[in-house]
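Engineer: Chains as they are written, first to last, in my numbering: chain A, 82 to 359; chain B, 82 to 359. Once you've had a glance at the structure underneath, I'll fire off some questions.
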């Protein structure tokens, strides 16, 4: 399922197996685009407004034109309606600067089935390795060109980290800052439990503001869990009662090993997954 | 001018104003591609083999299939022949992982005119600002997932740095490591003169191996200039007899100011530009 916002602001469906993007689109030549990934279930999108809010924040950080909220909402809704309620879907919104010097951004939405690997991770959990991110954990508010907190499509390092993790027998990675501080996973937020308190690092560490973790923390009290935002180092993850990676489509997947060290979840995963809405 | 390597390994020309890339190409959704930019002049490409060598190195770092050297050479040559000898051109080669899970990479070549801003920079030089890159200057050989030295299309930060520079009245930027060490410009290598010696930072500082600077250094002795690879801090640039940014299409452009401090070139720029081959 593929559609884009047309020049007149309407929704235009396209065949997903046909080219839609020009070779000189800035998304292609410079990773000069932002994106969001949403979960569709039962014909509805989870946390739609939080994702559109973040898309707007990412666009602002990149100096892209302010997204037309009504047009994006209509795009997302039409694609979701066309996908239907029968199966879970993964909706990707991509907002690119468009063809060079055209001043006309590319705005598209793609719905596809939830990947098999995602279903497997939800069921079996993931073994992770910690990998240096090469970046200091710092407040980068004074360095807006570093685009910390913007969800851009410049994900080559994130993808390389996941490939590296798989090459050495793990499923995914957790990035560490130069001081060893826990940052985030390449495509997810890190959450850990201390007793019945769920914790996650502050966005000030230089990470993305996760929509899934926010939804999880909002619903946690209904499930008998409290929440806290705090910095952590690898030792804190090893000492935790449970560790999870949260993302919109995966929900909360349990971490079963860190750097080869097997770990448990104190039986909390079903409760955490319920709170995550999956 | 636009062409791609077709499924059978041949060269297939396409209309540049028509979509060529699928929305789910990994270049679009994940900046999961590598590229090269070459200068064409008089119907020939400058430093063609150095660029194809680096494309292969970038591909290896990204775990992309080994590029078919003969097919890429034929692609570059046919596009260059079609462009002709009458005007200078900028040839971009893009090698993407292709459509997700297809296992079929996207291999394309785009020739366009040299941008007006490039011609202006060659003539008038550039005012630069130094910007923190957030990365330590280090040998990242033990962290291959950071893709240091690979020329990926995940250039959102590079583009944001250039936009930031322009927004504060400069033309371009020079990135500094967390210890203040000089790294590189977003799309160029930094070169400075100490007397008649041209200097540039080592790739071990965590920067791209510049093809233009290598060509410049190879020809420098013929122009009465010696060369050296050494680390530098901003003070070294201020103290230098001249500072230039080198890239394949711009050649060597003189830096006329750093962080608002106007600087000269000791009359060396014509000689450096000749040695750069432009």
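C-beta atoms are modelled at their ideal positions from N, C-alpha and C, and glycine is treated no differently.
#1: DSSP state of residue 84 of chain B, grouped into three classes?
#2: Of all Cβ atoms in chain A, is any one closer than 8 angstroms to the Cβ of residue 126 of chain B?
#3: Could you say if the region 228 to 237 of chain A and the region 107 to 127 of chain B meet the contact criterion of at least three C-beta pairs nearer than 8 angstroms?
#4: Please determine, among B:86, B:359, B:318, the residue with the shortest C-alpha to C-alpha distance to residue 210 of chain B.
#5: Taking 6 angstroms as the limit between beta carbons, can you name the residues of its chain near residue 293 of chain B, skipping five residues before and five after?
#6: If distances are taken between C-alpha atoms only, which option among A:288, A:289, A:298, A:287 comes closest to residue 280 of chain A?
#7: Since residue 218 of chain B and residue 215 of chain A should fall inside the 8 angstroms C-beta cutoff, what is the C-beta to C-beta distance between them, to a whole number of angstroms?
#8: Starting from residue 218 of chain B and walking both ways along the alpha helix (DSSP H), at which residues does that stretch end?
#9: Using a 10 Å radius around the Cβ and a threshold of 16 neighbouring Cβ atoms, would you call residue 345 of chain B buried or exposed?
#10: List the residues of chain A whose Cβ lies closer than 8 angstroms to the Cβ of residue 102 of chain B, in chain order.
#11: Opposite residue 326 of chain A in the DSSP bridges: which residues?
#12: Which residues in chain B have a C-beta closer than 8 angstroms to the C-beta of residue 224 of chain A? List them in chain order.
#13: To test your reading of the DSSP string, which unbroken beta strand (DSSP E) runs of 3 or more residues are found completely within the region 176 to 259 of chain B?
#14: For residue 140 of chain A, which residues in the same chain have their Cβ closer than 8 angstroms to its Cβ, ignoring the five residues on either side in sequence?
#15: Between the Cα of residue 312 of chain B and those of B:339, B:277, B:282, spot the shortest distance and give me the residue it belongs to.
#16: Does residue 265 of chain B pass the burial test, meaning 16 or more other C-beta atoms within 10 Å, or should it be called exposed?
#17: Looking at the unbroken beta strand (DSSP E) that takes in residue 321 of chain A, where does it start and where does it end?
#18: From what residue to what residue does the alpha helix (DSSP H) around residue 120 of chain B run?
#19: Hey, residue 291 of chain B and residue 270 of chain B are a contact pair by Cβ (cut 8 angstroms); roughly how many whole angstroms apart?
#20: Please decide whether residue 259 of chain A counts as near chain B, where near means a Cβ-Cβ distance under 8 angstroms.
#21: Identify the contact partners of residue 245 of chain A in chain B, using a Cβ-Cβ distance below 8 angstroms as the criterion.
#22: Would you identify the three-state DSSP class for residue 147 of chain A, choosing helix, strand or coil?
#23: Using a beta-carbon distance below 8 angstroms, is residue 221 of chain B in contact with chain A?
#24: Tell me, to the nearest whole angstrom, how far the beta carbon of residue 100 of chain B is from that of residue 156 of chain A; I am working on the premise that it is less than 8 angstroms.
#25: Report the residues of the region 171 to 184 of chain A with a CB closer than 8 angstroms to any CB of chain B, ordered along the chain.
#26: Starting from the beta carbon of residue 97 of chain B, find every residue of chain A whose beta carbon is closer than 8 angstroms, and list them in chain order.
#27: Taking the beta carbon of residue 251 of chain A as the centre, do at least 16 other beta carbons fall within 10 Å, making it buried, or is it exposed?
#28: I need the straight-line Cα distance from residue 334 of chain B to residue 359 of chain B, nearest angstrom please.
#29: Pair every Cβ in the region 189 to 209 of chain B with every Cβ in the region 162 to 179 of chain B, then say whether three or more of these pairs are closer than 8 angstroms.
#30: Looking at chain B, is there any beta carbon in it that lies within less than 8 angstroms of the beta carbon of residue 234 of chain A?
#31: Step through the CB atoms of chain A and report whether any lies within less than 8 angstroms of the CB of residue 289 of chain B.
#32: Compute the beta-carbon to beta-carbon distance between residue 321 of chain B and residue 275 of chain B, rounded to the nearest angstrom, for a pair I have assumed lies under 8 angstroms.
#33: Could you tell me whether the Cβ atoms of residue 154 of chain A and residue 124 of chain A are closer together than 8 angstroms?
#34: To the nearest angstrom, report how far apart residue 295 of chain B and residue 240 of chain A are at their CA atoms.
#35: For residue 232 of chain B, which residues of its own chain have a beta-carbon under 7 angstroms away from its beta-carbon, when the five flanking residues on both sides are left out?
#36: Per DSSP, what are the beta-bridge partners of residue 303 of chain B in this structure?
Structural biologist: With the structure as the only source:
#1: Looking at residue 84 of chain B - three-state DSSP - the assignment turns out to be strand.
#2: Under the Cβ criterion of 8 angstroms, residue 126 of chain B is not counted among the residues facing chain A.
#3: Touching, per the Cβ criterion.
#4: The option with the nearest alpha carbon to residue 210 of chain B is B:318.
#5: Excluding five sequence positions before and after residue 293 of chain B, the CB atoms of its chain that fall closer than 6 angstroms to its own CB belong to 327, 328, 329, given in chain order.
#6: Put simply, of A:288, A:289, A:298, A:287 the residue whose alpha carbon is nearest the alpha carbon of residue 280 of chain A is A:298.
#7: About 10 angstroms; that fails the 8 angstroms criterion.
#8: Neither: residue 218 of chain B is in no alpha helix (DSSP H) and is coded neither H nor E.
#9: Flag for residue 345 of chain B reads exposed.
#10: The CB of residue 102 of chain B comes closer than 8 angstroms to the CB of 100, 101, 102, 103, 104, 106, 109 in chain A, given here in chain order.
#11: In the DSSP output, where bridge partners are listed per residue, residue 326 of chain A has A:271, A:334.
#12: When 8 angstroms is used as the limit between beta carbons, residue 224 of chain A is near these residues of chain B: 212, 213, 215, in chain order.
#13: With a minimum length of 3 residues, the unbroken runs of beta strand (DSSP E) contained wholly in the region 176 to 259 of chain B fall at 187 to 194, 207 to 213, 253 to 257.
#14: Take residue 140 of chain A, set aside five residues on each side of it, and the residues of its chain with a beta-carbon closer than 8 angstroms to its own are 115, 146, 147, 148, 176, in chain order.
#15: In terms of Cα proximity to residue 312 of chain B, the closest of B:339, B:277, B:282 is B:282.
#16: Classification for residue 265 of chain B: buried.
#17: Segment: none, residue 321 of chain A is in no beta strand (DSSP E) and carries neither H nor E.
#18: Element bounds for residue 120 of chain B: not the alpha helix (DSSP H) but the beta strand (DSSP E), 114 to 122.
#19: The Cβ separation is near 4 angstroms, so the contact holds.
#20: True, the Cβ-Cβ gap to chain B drops below 8 angstroms.
#21: At a beta-carbon threshold of 8 angstroms, the residues of chain B lying near residue 245 of chain A are 225, 226, ordered along the chain.
#22: Residue state for residue 147 of chain A is assigned as coil, using DSSP reduced to three classes.
#23: In terms of beta-carbon proximity, residue 221 of chain B lines the interface with chain A, with at least one pair separated by less than 8 angstroms.
#24: Not a contact, Cβ separation roughly 18 angstroms.
#25: Residues are counted here when their Cβ sits less than 8 angstroms from a Cβ of chain B; for the region 171 to 184 of chain A these are 173, 175, 177, given in chain order.
#26: Ordered by position in chain A, the residues that pass the 8 angstroms Cβ test against residue 97 of chain B are 103, 104, 105.
#27: Residue 251 of chain A is buried by the Cβ-count criterion.
#28: The alpha-carbon atoms of residue 334 of chain B and residue 359 of chain B are separated by roughly 10 angstroms.
#29: Enough Cβ pairs lie closer than 8 angstroms, so yes.
#30: Closer than 8 angstroms to the CB of residue 234 of chain A there is at least one CB belonging to chain B.
#31: It does not; no Cβ of chain A falls within 8 angstroms.
#32: Right, their Cβ atoms sit about 6 angstroms apart.
#33: Residue 124 of chain A is positioned such that its CB atom lies no closer than 8 angstroms to that of residue 154 of chain A.
#34: If you draw a straight line from the Cα of residue 295 of chain B to the Cα of residue 240 of chain A, it comes to about 30 angstroms.
#35: Same-chain partners within the cutoff: 115, 116, 117, 135, 139, 289.
#36: Paired residues: none, contrary to the question.
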